[in-house]
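So the structure is just underneath, and the comments pick up after that.
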Amino acid sequence: MKRRVSALLAQWYDRGHRDLPWRRTADPYPIWVSEIMLQQTRAAAVVPYYERFLDRFPTVDALARAAEADVLALWSGLGYYSRARNLLAAGRQIAARGSFPRDYVELRQLPGIGDYTAAAVASIAFGEPRAVLDGNVLRVVARMENDPGDIGASATRDRFRAVAESWLDRRASGPFNQALMELGATVCMPRRPLCPECPLRARCRALANGTVAQLPVKLGRIPPERIEAVLLLIRRDRRILLRQRALSEPRMPGFWDLPSPEHLPAVRPGAPAGQFRHTITHHRYIFTVSPAPAPARLPTAAPFRWLDPRDAATIPLSTTARKALRLAGLL
DNA sequence: AACTCGGGGTT
DNA sequence: AACCCAGAGTT
């Protein structure tokens with residue numbers, strides 16, 4: 002007697018799963034916010050940001066009225082800041098329109114909502130029968146089917162999506178999708194998966210073939226690039242000199258950061274106070290933090306301001322600046 | 001299809 | 001040091 006994948010998943014999920022805050026609501030707005038924060042970000046890292054964000058912006062109208070700098074300040078440290086900008090832009094579209102999008106097609110048109118997020122919100126909030134395809138699902142499908150296709154290739158994704166859709170419980174798509182992702186996150190993990198505990202082990206072709214550890218296949222990895230840079234720690238009384246990144250800069254436009262020597266050529270950096278590492282995608286930065294005397298006059302080419310570290314949570318401050326201030330014992 | 005996102009936890 | 005995470009936008 003072969004039971005459906007969805008039945009095996011549902012029984013396993015109902016026996017116990019992580020208690021995540023966005024699973025306690027049926028309101029599409031917080032579900033949407035959670036899905037944006039969860040893009041390329043682990044659930045455990047999202048939880049405190051999610052709580053703070055919804056405390057500050059409890060409704061889509063409250064979000065729509067917010068200043069972008071305030072949204073970015075709450076996002077500061079979570080990374081991938083275009084998510085926050087797109088979230089705000091989409092929230093303003095929704096508020097202007099007067100109603101929350103009601104299905105996958107409408108959701109998919111909003112900035113920051115791609116195939117995954119549209120399917121996730123549509124299924125979890127509205128019960129629409131859409132299968133999600135995220136990193137967890139790709140891994141579970143690759144192993145269940147023992148499929149060595151490159152998960153970065155569109156042909157593989159189309160094939161895997163068809164499998165997920167064939168499993169989908171159309172009457173309970175939200176719980177089904179969450180159960181499948183939960184399985185990938187807590188049992189069918191990238192390394193050292195817990196196959197003996199897996200509710201799908203009897204149907205897993207990779208387990209039967211002994212190829213679990215080789216799946217999924219992901220080709221075309223980019224080698225990391227090492228970049229060294231200096232951050233200047235310039236103090237006046239209790240305050241620290243910050244420089245705002247230009248709106249035209251590709252990375253983190255509008256964010257406040259510590260200045261570097263190229264921004265203040267007249268300043269002579271002192272002996273380093275320390276170093277820290279910072280990684281994003283394939284860039285590995287090594288920052289040296291150097292105290293320096295305040296310049297007699299600040300250049301006018303870039304906007305500067307003085308920050309009392311106690312106000313650090315109120316502005317969009319880069320994580321590198323936070324790390325530097327923490328290293329210096331100022332935060 | 002390739003590339004980028006100035007994160008960060010886990011192994 | 002890899003690996004990769006409830007991905008999306010741009011070129």
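Heads up: the first sequence runs through residues 2 to 332, numbered per the working numbering.
Glycine included, each C-beta is placed from N, C-alpha and C at the ideal position.
Since the model is a prediction, treat every value here as computed from it, not as a measurement.
Counting only residues of its own chain and dropping the five nearest sequence neighbours on each side, Pro112 has a CB closer than 7 Å to the CB of Asn87, Ala90, Ala91. The beta carbon of Trp23 lies closer than 7 Å to those of Pro31, Ile32, Ser35, Tyr51 in the same chain, with the five residues before and after it left out. Take Ile37, set aside five residues on each side of it, and the residues of its chain with a beta-carbon closer than 7 Å to its own are Arg84, Leu88, Gly113, Thr118, in chain order.
Beta-bridge annotation (DSSP): Glu36 is not paired with any residue.
Assigned with DSSP and collapsed to three states, Pro102 falls in coil, not helix or strand.
Between the alpha carbons of Leu201 and Gly136 lies a gap of roughly 18 Å. In the DSSP assignment, no residue is bridged to Trp23. For His284, DSSP records a beta bridge to Glu226, Ile281.
Using a C-beta cut-off of 8 Å, the stretch 121-128 makes no contact with the stretch 141-154, since fewer than three inter-stretch Cβ pairs fall below that distance.
Here Ser77 is buried. Its C-beta has 16 or more other C-beta atoms within 10 Å. For Ile241, the enclosing beta strand (DSSP E) begins and ends at 240-245.
Between the alpha carbons of Leu10 and Pro29 lies a gap of roughly 24 Å. When DSSP reads this structure, Ala293 sits in a beta bridge with Ile235. The beta carbon of Phe305 lies closer than 7 Å to those of Leu242, Leu243, Arg244, Leu299 in the same chain, with the five residues before and after it left out.
Sorting Thr42, Arg131, His18 by C-alpha distance to the C-alpha of Ala165 places Arg131 at the top. Three or more pairs of CB atoms, one per stretch, sit closer than 8 Å, so the stretch 53-73 contacts the stretch 91-103. Following the DSSP letters along the chain, one finds Arg144 inside the alpha helix (DSSP H) bounded by residues 136-146.
In its chain, beyond the 5 residues on either side, Leu21, Pro22 have a beta carbon closer than 8 Å to the beta carbon of Val48. Annotated as proximal: Asp148 and Leu216, with beta-carbon spacing under 9 Å.
Buried is the label assigned to Arg140, since at least 16 other Cβ atoms lie within 10 Å of its Cβ. Of the candidates Ala126, Leu184, Ala173, Leu184 places its Cα closest to the Cα of Val142.
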